[in-house]
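First up is the structure itself, then whatever we jot down about it.
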Amino acid sequence: MTRLLITDPGAAHPAKNAAAPGLPTQPQPDQNGETPMVAQAIYHQAARRTGYRYELVIAPVEIIARRHREGQSVGQITRYMQSQLGPDHQAAARNFVEWVITATGGERR
315 MTRLLITDPG AAHPAKNAAA PGLPTQPQPD QNGETPMVAQ AIYHQAARRT GYRYELVIAP
375 VEIIARRHRE GQSVGQITRY MQSQLGPDHQ AAARNFVEWV ITATGGERR
């Protein structure tokens, strides 16, 4: 009798799913235990606005949205993004930070 080993093609592979250092794989719960999510459409719009690939704008959008939820102002977030990405990076521009905050449902501060 021959035994067939069936593997789950959808099973997680640790090396394949490992995130790059410092980049979140999923949004983290806030102080209330809620996990906020940014709509996929916002990532696509952000990619079009910046000219960067979709995969490259996910982390900056998440960071901007999270920092705003934590109470940081547009100016504080812009300075942080510029210190991390450089002053000429499209995702660190003040108008992009303002757009993300508005698109994710926040008001300008």
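In the numbering used here, the protein residues as written are 315 to 423.
Virtual Cβ for every residue (Gly too), placed ideally from N, Cα, C.
Quick one: Cα of residue i to Cα of residue j, how far?
i: Val411; j: Gln359; result: 13 Å
i: Ile356; j: Gln386; result: 20 Å
i: Ala373; j: Arg393; result: 16 Å
i: Arg383; j: Met395; result: 16 Å
i: Ile378; j: Ile415; result: 7 Å
i: Arg408; j: Ile391; result: 9 Å
i: Arg381; j: Thr418; result: 12 Å
i: Gly420; j: Gln354; result: 17 Å
i: Ser397; j: Val352; result: 23 Å
DSSP on residue i, reduced to helix/strand/coil?
i: Ser397; result: helix
i: Gly385; result: coil
i: Val411; result: helix
i: Leu337; result: A caution first: Leu337 carries a pLDDT of 46, below 50, which makes its placement in the model unreliable, though a value can still be read off. Leu337: coil per DSSP, three-state reduction.
i: Ala406; result: helix
i: Thr364; result: helix
Quick check: does the Cβ of residue i come within less than 6 Å of any heavy atom belonging to the ligand GTP?
i: Ile391; result: No copy of the ligand GTP occurs in the structure displayed, which carries no ligand at all.
Below 8 Å CB to CB, which residues in the same chain sit around residue i once its five sequence neighbours on both sides are set aside?
i: Leu399; result: Pro374, Ala405 and Ala406
i: Asp402; result: none
If I measure Cβ to Cβ from residue i and keep anything under 7 Å in the same chain, skipping five residues before and after, which residues do I get?
i: Tyr368; result: Tyr357, His358 and Ala361
i: Thr364; result: Val371, Gln404, Ala405 and Phe410
Identify, in the order they occur along the chain, each residue of the same chain with its Cβ nearer than 6 Å to the Cβ of residue i, setting aside the five sequence neighbours on each side.
i: Trp413; result: none
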